[in-house]
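Protein chains in written order, with this note's numbering: chain A, 120 to 410; chain B, 1160 to 1435.
Let me begin by presenting the structure, written as structure tokens, before commenting on it.
Rendered as structure tokens:
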């Protein structure tokens, strides 16, 4: 396994009257090339958990091991972990500060000592990997760009470190449908072409359906579900119990199941269409079972 | 009635046919008691339009009238702003006082109302958005959805006739979003609502949907009418609601499956079940 999270607990403001326990004995493993979504309602501990994955937060109990190295190391080994696990925060464009897109994307590798032609090649690769035209945009100010482009510059500025794992906290928040689709497709390409491991923090069921294979659900700092995405989407009761609102597609599938049609939970509109053709219309079974 | 008549607006000195976020001849009417959703991609001009509703921006050409008052007439601007409440995207940028009830009282205090009337309006507005029990809380301890409800209470305490929400759901989690949409459904009887969003699912709740692209209203009608365009909606940078996409695929193969386009999961499933 590539990332091991073992029995991790974390409390903010520990030993004060304001202590809030964010993680309670969380264990999970992430393998190379996986695409994992971490779900749960606001305040469940998602963001605290992902900040443990690259040593930004250290476990107060338990341990986190990345590629064989415990995150509590210091110095060069910790830098190595932060280079391997790239973390993209929510609204990452709020943290941009450079004058040009090139300088923004070059910032991290330059700090790692990358220079000259290799630096340029990295910036070009990272920008193209997220679908930004290098020549057209490299000299622009990041702040002249559209919201979707700014988001992609922010992600490119992490990719330019050549991480093996990309952790994204609500990457599509605030993007319009085109910006969102473009970003999710680029993430899929990165997985396919470069074997990038993707950890997505989200409460958007549609995003999860589009790119994740596996779902980890947190509730009050505990892992309450860890399994394939379709398995999680098969049970409406469980989804709602953990504050995840089923997409309209899933709601339609649940209604059809309640009326006696064995429709599998769909991830895309096309899948629901095929399920309906095959299992509802082809059979023309009367709706005898009422909700 | 809020009325946009051939409104043109551009940022900067001169009109530029390619500039983003400009308005190019926008005309529409929002009536009291009507719930209208305005859809548009980033840069389509939707926030520029929102700022015209209460005179934060005024047209370079054409005019905007609220109950007959022109937003360019400075003598009626305060009355226009009382009648048209705006709620913005970021819940953290809209609350200014140290407690919830003081925040809601800010507007009525500035109207110079007597204290008993302010008290009454604050209590009513907080009850209306379901936040009465939080009235002594500090705004920063609330969730995003709760903050947006307080922001709306602050507007309601002015007794407005129109409520304009500029991507007010964009930064909320799914539960906060549901809360806010439920509140809009309840408020629609009393005020005219213009809800601006790029989330097509939210448009399904509207009496009327308008699509803005490149500064022009390019489609207008009931949700059923507007979403009949099918995949062509992508040319405006939008997507179809999921259920509509499934329904349109099915409709191609089974032309007699639906008498009207289903919009919700319930409508889709009911139509499928009555078909066989």
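Here a beta-carbon is modelled for each residue, glycine too, at the ideal position from N, C-alpha and C.
*List the residues of chain A that residue 1200 of chain B touches, going by C-beta distances under 7 Å, in chain order.*
Going along chain A in sequence order, the residues near residue 1200 of chain B (Cβ under 7 Å) are 295, 297.
*Between which two residues does the beta strand (DSSP E) containing residue 344 of chain A stretch?*
341–347 is the span of the beta strand (DSSP E), which, as asked, contains residue 344 of chain A.
*Coil, strand or helix - residue 399 of chain A by DSSP*: helix
*Residues of the stretch 150–179 of chain A with a CB closer than 9 Å to any CB of chain B: list them in chain order, please.*
For the stretch 150–179 of chain A, the residues whose beta carbon sits under 9 Å from a beta carbon of chain B are, in order, 160, 161, 162.
*Following the continuous alpha helix (DSSP H) through residue 304 of chain A, name the residue where it begins and the one where it ends.*
DSSP places residue 304 of chain A inside the alpha helix (DSSP H), whose first and last residues are 296–313.
*asked:* Strictly by DSSP, which residues pair up with residue 288 of chain A?
replied: A/320
*Got a sec: is the Cβ-Cβ distance from residue 1398 of chain B to anything in chain A below 8 Å?*
Residue-level contact by beta carbon holds for residue 1398 of chain B and chain A, with a gap shorter than 8 Å.
*Using CA coordinates, which residue listed in A/281, A/317, A/242 is at the minimum distance from residue 219 of chain A?*
If you compare the alpha carbons of A/281, A/317, A/242 with that of residue 219 of chain A, the shortest gap goes to A/242.
*Would you report the Cα separation of residue 1414 of chain B and residue 1430 of chain B, rounded to the nearest angstrom?*
13 Å
*Who are the near neighbours of residue 410 of chain A in its chain, counting only those whose CB is closer than 8 Å to its CB and skipping five residues on each side?*
In this prediction, residue 410 of chain A has a pLDDT of 46, which is less than 50 and means its spatial position is unreliable; what the coordinates show is noted afterwards. Here the set comprises 374, 377, 378.
*Buried or exposed: which applies to residue 1419 of chain B, given that a residue is buried once 16 or more other Cβ atoms fall within 10 Å of its Cβ?*
Answer is exposed; the Cβ neighbour count stays below 16.
_Alpha carbon of residue 1407 of chain B to alpha carbon of residue 1389 of chain B, nearest angstrom_ = Cα to Cα, the separation comes out at about 7 Å.
*Counting pairs of beta carbons, one from the stretch 170–184 of chain A and one from the stretch 327–346 of chain A, are three or more of them closer than 8 Å?*
Judged by Cβ distances under 8 Å, the stretch 170–184 of chain A makes no contact with the stretch 327–346 of chain A, as fewer than three pairs qualify.
*Going along chain B in order, which residues have a C-beta closer than 7 Å to the C-beta of residue 274 of chain A?*
By Cβ distance, chain B contributes nothing, its closest Cβ being about 17 Å from residue 274 of chain A, past 7 Å.
*What did DSSP end up calling residue 1290 of chain B once you bin it into helix, strand or coil?*
Of the three classes helix, strand and coil, the one that applies to residue 1290 of chain B here is coil, per DSSP.
*Which one or two residues does DSSP pair with residue 1244 of chain B in a beta bridge?*
According to DSSP, which records beta bridges pairwise, residue 1244 of chain B is partnered with B/1322.
_chain A contacts from the stretch 1314–1336 of chain B (Cβ-Cβ distance under 7 Å)_ = 1329, 1330, 1332, 1333, 1334
*Three-state class that DSSP yields for residue 246 of chain A in the structure shown*: helix
*When the distance is taken between beta carbons, is residue 327 of chain A closer than 8 Å to residue 343 of chain A?*
no
*Is the shortest distance between the beta-carbon of residue 292 of chain A and the beta-carbons of chain B less than 8 Å?*
yes
*Would you kindly report the start and end of the unbroken beta strand (DSSP E) that includes residue 185 of chain A?*
180–185
_Run through chain A and tell me which residues come within less than 8 Å of residue 1425 of chain B, C-beta to C-beta._
374
_Spatial distance of residue 1228 of chain B from residue 1241 of chain B (CA atoms)_ = In this structure, the straight-line span from the alpha carbon of residue 1228 of chain B to that of residue 1241 of chain B is close to 12 Å.
*Please find out if some non-hydrogen atom of the ligand HEM comes closer than 7 Å to the beta-carbon of residue 1419 of chain B.*
As for the ligand HEM, it is missing from this structure, which has no ligand bound.
*For the stretch 1401–1413 of chain B, enumerate the residues whose C-beta is nearer than 8 Å to any C-beta of chain A, in chain order.*
Per Cβ criterion, the list reads 1401, 1402, 1404, 1405, 1408, 1409, 1412, 1413.
*asked:* Contact criterion: CB-CB distance below 8 Å. Does residue 200 of chain A meet it with respect to chain B?
replied: No - not a single Cβ of chain B is within 8 Å of the one on residue 200 of chain A.
*asked:* Extract the residue ranges of the alpha helix (DSSP H) inside the stretch 1198–1228 of chain B, only unbroken runs of 4 or more that lie entirely within it.
replied: 1205–1211
*Completely contained alpha helix (DSSP H) runs for the stretch 1263–1312 of chain B, where each covers 4 or more residues*: Given a length threshold of 4 residues, each whole run of the alpha helix (DSSP H) inside the stretch 1263–1312 of chain B is given here in chain order: 1274–1287.
*Could you pull out every residue in the same chain whose Cβ sits closer than 8 Å to the Cβ of residue 1265 of chain B, ignoring the five residues on either side in sequence?*
1255, 1256, 1313
*asked:* Between residue 384 of chain A and chain B, is the shortest Cβ-Cβ distance under 8 Å, so that the two count as touching?
replied: no
*Under a Cβ-count criterion, where at least 16 other Cβ atoms within 10 Å of its own Cβ denotes burial, should residue 136 of chain A be classed as buried or exposed?*
Exposed is the call here.
*Taking just the CA atoms, how far does residue 285 of chain A sit from residue 221 of chain A?*
If I take the Cα positions, the gap works out to 20 Å.
*So does the stretch 1289–1299 of chain B actually touch the stretch 1267–1276 of chain B, counting three or more Cβ pairs closer than 8 Å?*
no
*Which residues, in chain order, does the stretch 1280–1303 of chain B contribute to contact with chain C at a C-beta distance below 7 Å?*
The chain inventory of the structure shown lacks chain C, comprising the protein chains A and B.
*Got a sec: is the Cβ-Cβ distance from residue 1359 of chain B to anything in chain A below 8 Å?*
Flagged as an interface residue toward chain A: residue 1359 of chain B, by a C-beta distance shorter than 8 Å.
*Nearest-angstrom Cα distance between residue 125 of chain A and residue 145 of chain A?*
7 Å
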